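Chemist: Chains as they are written, first to last, in full-length UniProt numbering: chain V, 1 to 304; chain S, 1 to 304.
Glycine included, every Cβ here is placed at the ideal spot set by N, Cα and C.
Just so you know, these numbers come straight off a predicted model, no measurement behind them.
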């Protein structure tokens, strides 16, 4: 008879995650008895960890909050949820891009003001879409864009070809990306390197018909520069699921722009979050039981 | 030396269509000298046709306006633009469905009201989408839906399998379609058979999470019944690019519903219309020159 791995699921024993843990060979225990902690909460309230905890699974893709709070240590393995929500986020990115291109936001606001709406409609077909930070989300988004007739220009650090894309460029060639793309989807993590990647200079290099979609993190965009570019028609529009800060202030001028769409950080809706996460917790737990390498490990000092 | 076919392009000599005509072996002439008329106008103003005109190419997909105006006769061949705009309309249908599922319309209206928006977000992944009237638009829409992880239930008159769909049902089994699908895209022509296909009964049979997208014709939907179904939460939402009448009256209660998205008949935007149409005019003209069968012929008495 195999011994089951003692796993703590905190701060709430979510039904989907608990079922996945039990199915994958885990036994639900309190943190004081656990070898594994699945932490479904925020950095606030993260518990002091007993030394016996060998692996902590975090629920989010972006873990800068945990890093900044000093939660991560080097005494055990840490995993994030990068890639686990990729399909969901990719779907939201496509939805935002199409809403903008097809002028659905304008239709909602201006009702049947047909002539100006009609002439502003653009198509994805034949357009080049740059996916900046083409990891899991990029791989999920690419076939959706290709099915819509777009060309995909992936951008990652190495420039190693991204599955399914038409071309991959390294991030060292960003200047070229801005000049060569029609639209931009931001899917990169928030790091010093990606801070204000969209700024006055990149906005000026992008074409006037460009839509920028951000499903990554707010700090990738210099919102002040974005505001003026949107107001001046330097680009066609922006669709943001993330902002800096979140939410934007009630009097943030971005709210008033007709060519700016903002959704409240729902690309990965929390309503479905644990359901999405559960199979990945199970997969990693099976690997843990087997002594295999875990998926999506992170460390505090990694420049991810 | 081949004689060029005399073609009239009226009422405006659109540059894209004229270029396509000349490239395909046509010579631009006045209507009194023409064997072919490419009519880029509405039924109003349609000219008296000289007997020498053997073929008239109409610019729209739905031709009920021409039929009702008594324009079509049986003295020559008539073609419509069915299928020529399929990619464009399919893109708009997907955009409308995703806008609804991802709650982008609600985000635009309610700003960062995160909790209720977040919990209302749904995904295309794993959902069944019925395409009712699966012709050219359906064939174009199917790979877009499949790339998004949906299952496609095509519905046509014959039930003959539609390319790429997971299952095709004949329209005689509509009752079953309403019960088995998650979402509905209407892409059928407006005929007596499709009049008020969406009515109190079909709305009651559809699931509460259902989104209905109409990129076909307004009369397919009983808007009174739709209003009450949307208001009562019988279905989740409707996204209409076409209505009956068009536009809806300014005080039409549909405008006030938070779960109804209306775009002003722009699935096939007139801004790009002649550009989309041009290659098809060229293809049909090449066929005409070669004495081959034309694509997309129609007749007044056809129950299309």
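Between residue 91(S) and chain V, is any beta-carbon pair separated by less than 9 Å?
Modeler: Yes, residue 91(S) counts as interfacial toward chain V.
Chemist: Which of helix, strand or coil does DSSP assign to residue 151(V)?
Modeler: Three-state DSSP puts residue 151(V) in a strand.
Chemist: What do you get for residue 183(S), buried or exposed, if any count of 16 or more other CB atoms within 10 angstroms of its CB means buried?
Modeler: That one is buried.
Chemist: Does residue 13(S) have its Cβ less than 9 Å from a Cβ in chain V?
Modeler: Chain V contact via Cβ: absent.
Chemist: Please state whether DSSP places residue 138(V) in a helix, a strand or coil.
Modeler: Residue 138(V) falls in the helix class under three-state DSSP.
Chemist: What is the rounded straight-line gap between the Cα of residue 37(V) and the Cα of residue 16(V)?
Modeler: Each residue's Cα considered, the two are about 15 Å apart.
Chemist: Report the rounded CA-to-CA distance for residue 141(S) versus residue 149(V), giving the unit in angstroms.
Modeler: Near 12 Å, if we compare the C-alpha coordinates of residue 149(V) and residue 141(S).
Chemist: Can you give the Cα-Cα distance for residue 218(V) and residue 190(V), rounded to whole angstroms?
Modeler: Computed Cα separation, rounded: 8 Å.
Chemist: Hey, would you say residue 266(V) sits closer than 9 Å to residue 111(V), going by beta carbons?
Modeler: No. Outside cutoff.
Chemist: Is it true that the CB of residue 248(S) sits closer than 9 Å to the CB of residue 331(S)?
Modeler: In the structure displayed, chain S extends from 1 to 304; residue 331(S) sits before or after that span and is not available.
Chemist: When the Cα atoms are used, what is the spatial distance from residue 79(V) to residue 175(S)?
Modeler: Taking the straight line joining both Cα atoms gives about 48 Å.
Chemist: By alpha-carbon positions, which one of 212(V), 117(V), 243(V) ends up nearest to residue 230(V)?
Modeler: Taking only the C-alpha atoms, the option nearest residue 230(V) is 212(V).
Chemist: What does residue 126(V) touch in chain S if you count any residue whose Cβ is under 9 Å from its own?
Modeler: Within 9 Å Cβ-Cβ: nothing; residue 126(V) doesn't reach chain S, min ~10 Å.
Chemist: Less than 9 Å between the C-beta atoms of residue 21(V) and residue 282(V), yes or no?
Modeler: Yes.
Chemist: Which residue comes first and which comes last in the alpha helix (DSSP H) that contains residue 281(V)?
Modeler: Looking at the DSSP string, the run of the alpha helix (DSSP H) that includes residue 281(V) is 270 to 290.
Chemist: For residue 215(S) versus residue 98(S), is the C-beta spacing smaller than 9 Å?
Modeler: Result no, Cβ atoms of residue 215(S) and residue 98(S) do not sit closer than 9 Å.
Chemist: If contact means a Cβ-Cβ distance below 8 Å, which residues of the region 75 to 102 of chain S contact chain V?
Modeler: Under the 8 Å Cβ criterion, the region 75 to 102 of chain S contributes 87, 88, 91, 92, 94, 95, 96, 98, 99, 101, 102.
Chemist: Taking C-beta pairs closer than 7 Å, name the residues in chain S that residue 121(V) reaches, listed in chain order.
Modeler: The answer, in chain order, is 266, 269, 271.
Chemist: Would you say residue 134(S) and residue 162(S) are within 9 Å of each other, going by their C-beta atoms?
Modeler: Going by C-beta atoms, residue 134(S) is nearer than 9 Å to residue 162(S).
Chemist: Got a sec? Which residues, its chain only, sit under 6 Å from residue 262(S) by beta carbon, not counting five neighbours each side?
Modeler: Cβ neighbours of residue 262(S) beyond the five flanking positions: 240.
Chemist: For the alpha helix (DSSP H) holding residue 198(V), just list the boundary residues, first then last.
Modeler: No alpha helix (DSSP H) contains residue 198(V), which DSSP labels as neither H nor E.
Chemist: So which residues of chain S does residue 148(V) contact, with C-beta pairs closer than 7 Å?
Modeler: Simply 91, 144.
Chemist: Where residue 87(S) and residue 120(V) are concerned, what is the direct C-alpha to C-alpha distance, given to the nearest angstrom?
Modeler: Those two C-alpha atoms are separated by around 18 Å.
Chemist: Taking 7 Å as the limit between beta carbons, can you name the residues of its chain near residue 107(V), skipping five residues before and five after?
Modeler: So the list reads 117, once near-sequence residues are dropped.
Chemist: Taking residue 165(V) as the query, report the chain S residues whose CB atoms sit under 8 Å from its CB, ordered along the chain.
Modeler: In chain order: nothing, as chain S lies at least about 14 Å away.
Chemist: Going by DSSP, what residue range makes up the alpha helix (DSSP H) through residue 16(V)?
Modeler: It spans 15 to 23 - the alpha helix (DSSP H) in which residue 16(V) sits, taken as one unbroken run.
Chemist: Express the C-alpha separation of residue 286(V) and residue 268(S) in angstroms, rounding to a whole number.
Modeler: So the alpha carbons of these two residues sit roughly 50 Å apart.
Chemist: Could you confirm whether any beta carbon from chain V is found closer than 9 Å to the beta carbon of residue 247(S)?
Modeler: By this cut-off, residue 247(S) is an interface position.
Chemist: Considering residue 10(S), what are the terminal residues of the beta strand (DSSP E) in which it resides?
Modeler: Unbroken beta strand (DSSP E) run through residue 10(S): 5 to 10.
Chemist: So with Cβ pairs under 9 Å, would you call residue 1(S) a contact of chain V?
Modeler: Note that residue 1(S) scores a pLDDT of 47, beneath 50, so its modelled location is shaky and nothing firm can be said.
Chemist: For residue 40(S) and residue 10(S), which I take to be in contact (beta-carbon distance under 8 Å), what is that distance rounded to the nearest angstrom?
Modeler: Contact holds; Cβ gap of about 7 Å.
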